[in-house]
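Asks: Residues 84 to 181 in this note's numbering are what the sequence shown lists, from first letter to last.
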Amino acid sequence: MDQMINAAAKAQIPLFINNTNSVYGNTLFGLGAKYTEVGYLAGQMAADVLEGKPTTEIGVRNMVPLNLLLNEKALSNMRDANRWNLTSLQTTFPTGLP
């Protein structure tokens, strides 16, 4: 990962990754799950089953809450940074955890 981050920094180009834990250096965006949240949601589902809730009532759904992280420092290091308009973008999107 560090080699890609260093290459992107040297070229002053954005880097997009699918791991929010690696948003540093010249990584502009990280899109992925926070696995502590995935574990929490899986635990809630297991509790429902253990409490006798029929699995047909639980249903099938995406259990991977997505988080988008923006590294504003990387944006300032990119060439043509003024071409990117990210002023309305939230740094972290909420995942709806109770």
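C-beta atoms are modelled at their ideal positions from N, C-alpha and C, and glycine is treated no differently.
As the structure is a computational prediction, the values presented were derived from the model and not from experiment.
#1: Per the contact definition of three or more C-beta pairs closer than 8 angstroms, is the region 119-135 in contact with the region 88-101?
#2: Is G113 helix, strand or coil by DSSP?
#3: Would you decide whether E140 is buried or exposed? Buried here means 16 or more other CB atoms lie within 10 Å of its CB.
#4: Around the Cβ of L180, are there at least 16 other Cβ atoms within 10 angstroms (buried) or fewer (exposed)?
#5: Which residue wins for smallest C-alpha separation from L158, given the options M84, D85, N109 and N101?
#6: Is N154 helix, strand or coil when you go by DSSP?
#7: Of the choices V106, I88 and V147, whose alpha-carbon is the least far from that of E120?
Replies: The structure says:
#1: no
#2: To locate residue 113, count along the sequence shown from 1; it is residue 30. In the structure shown, G113 adopts extended strand secondary structure according to DSSP, grouped into three states.
#3: The residue you call residue 140 lines up with position 57 of the sequence shown. Exposed, by the Cβ-count rule.
#4: As a working mapping, residue 180 is identified with position 97 in the sequence shown. In this predicted model, L180 has a pLDDT of only 33, less than 50, meaning its place in the structure is not dependable enough to derive any value.
#5: Residue numbering aside, residue 158 sits at position 75 when the sequence shown is read from its first letter. Taking only the C-alpha atoms, the option nearest L158 is N109.
#6: Position 71 of the sequence shown, counted from the first residue, corresponds to residue 154. It is coil, neither helix nor strand.
#7: For the purposes of this step, residue 120 is identified with residue 37 of the sequence shown, where counting begins at 1. The shortest C-alpha to C-alpha distance from E120 to any of V106, I88 and V147 is the one to V147.
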